Amino acid sequence: MEKKEKNIEWDENGTPIALRFDDPYYSKRDGRAESNHVFIQGNDLITRFEKTESLHTAELGFGTGLNFLETLNLWKKIAQKEAKLFYTSFELYPLDIADIQKALVPWPDLAKYFQPFEEQYAQQTGLPGFYELSHENVTLCLAIGDANQLVPKMTNKADAWYLDGFSPAKNPELWNEALMKAVYEKTSKGGTFATYSAAGWVRKMLEEAGFQVERIKGFAAKKHMSIGKKL
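Residue 16 is where the sequence shown starts when you use this note's numbering, and the numbers rise one by one after that.
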């Protein structure tokens, strides 16, 4: 049997590092706080969750599942009782269940939300395609494979995007004109995006794709990040 390539290692503080990109899966300072600041606040999801009956969030890079679970945590606290959350996440290199569990150890209140999805997650083969995992009124659609190929195949447009690939300098495959245009096309009218990146060329690329782009305060010591909207 061919030995599976190792995707992940852990630094001295227990932060998971993606070996392919030499980049942490989340902020070494506080991954959960970063997720909340950049993606949830960046997409104004607190206000939107309180009002909506259904919302579709999409992200580039499922990783450890931290963004999904932080989103689900907020959803369960403030969304209407019968509201539905649909979450699509694109991931080329899915982690093993054991690695996800280890990465979530610092946040047991989030880890418990992943438990109902674990058996379904384990059934995804790692082969390219869309895998639908569901529990109660939440649907997690794992899009395994190259986002450049899979984003254009999305059947439903997203209301909010988390542009969460690794650093543009280290993972340029997730930061190119064609993919950003596909993201724009797969965004509902009035839909939004947020990303920790504030690089000028990234903002320009998103503007050229069609988004109205704004640079705002970044997480912690990071000076800036970017948000945007499809008018």
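Positions of the beta carbon are idealized from the N, C-alpha and C atoms, including for glycine. Treat the numbers as computed from the prediction; the structure is a model and nothing was measured.
CA nearest to the CA of residue i, picked from the options
{"i": "Leu189", "options": "Ser149, Thr210, Asp111 and Ser203", "result": "Thr210"}
{"i": "Asp45", "options": "Leu246, Gly243, Ser241 and Ala235", "result": "Ala235"}
{"i": "Ser203", "options": "Lys21, Lys238 and Thr72", "result": "Thr72"}
{"i": "Ala98", "options": "Lys127, Asp124 and Asn152", "result": "Asn152"}
{"i": "Arg230", "options": "Glu223, Cys156 and Gly243", "result": "Gly243"}
{"i": "Trp176", "options": "Thr103, Lys168, Ile159 and Gly225", "result": "Thr103"}
{"i": "Ala184", "options": "Ser149, Val217 and Gln56", "result": "Val217"}
{"i": "Ser212", "options": "Ser149, Gly180 and Ala113", "result": "Gly180"}
Where residue i falls, given that 16 or more other Cβ within 10 Å makes a residue buried
{"i": "Val198", "result": "buried"}
{"i": "Gly58", "result": "A small fix is needed here, since residue 58 is Asn in this sequence, not Gly. Under this definition Asn58 is a buried residue."}
{"i": "Ser42", "result": "buried"}
{"i": "Val120", "result": "exposed"}
{"i": "Leu100", "result": "buried"}
{"i": "Ser241", "result": "buried"}
{"i": "Trp90", "result": "buried"}
{"i": "Lys245", "result": "buried"}
{"i": "Lys187", "result": "This sequence places Pro at residue 187; Lys is not what is there. Classification for Pro187: exposed."}
{"i": "Asp26", "result": "exposed"}
{"i": "Glu17", "result": "Reliability of the predicted coordinates at Glu17 is poor, the pLDDT of 37 falling under 50, and no value is obtained from them."}
{"i": "Thr79", "result": "buried"}
{"i": "Thr62", "result": "exposed"}
{"i": "Asn191", "result": "exposed"}
{"i": "Lys96", "result": "exposed"}
Residues bridged to residue i [DSSP beta-bridge criterion]
{"i": "Pro31", "result": "Trp25"}
{"i": "Pro39", "result": "Ile32"}
{"i": "Ile115", "result": "Answer is none; Ile115 lacks a bridge partner."}
{"i": "Arg230", "result": "Ser241"}
{"i": "Tyr102", "result": "Thr72 and Leu155"}
Beta-carbon spacing of residue i, residue j below 7 Å
{"i": "Glu106", "j": "Phe77", "result": "yes"}
{"i": "Tyr108", "j": "Asn51", "result": "no"}
{"i": "Lys148", "j": "Phe132", "result": "What sits at residue 148 in the sequence shown is Leu, not Lys. For Leu148 and Phe132, yes; Cβs fall inside 7 Å."}
{"i": "Phe145", "j": "Ala137", "result": "no"}
{"i": "Asp37", "j": "Ser182", "result": "no"}
Rounded Cβ spacing between residue i and residue j (contact assumed at less than 8 Å)
{"i": "Ala162", "j": "Leu194", "result": "6 Å"}
{"i": "Glu85", "j": "Ile55", "result": "7 Å"}
{"i": "Lys172", "j": "Lys201", "result": "5 Å"}
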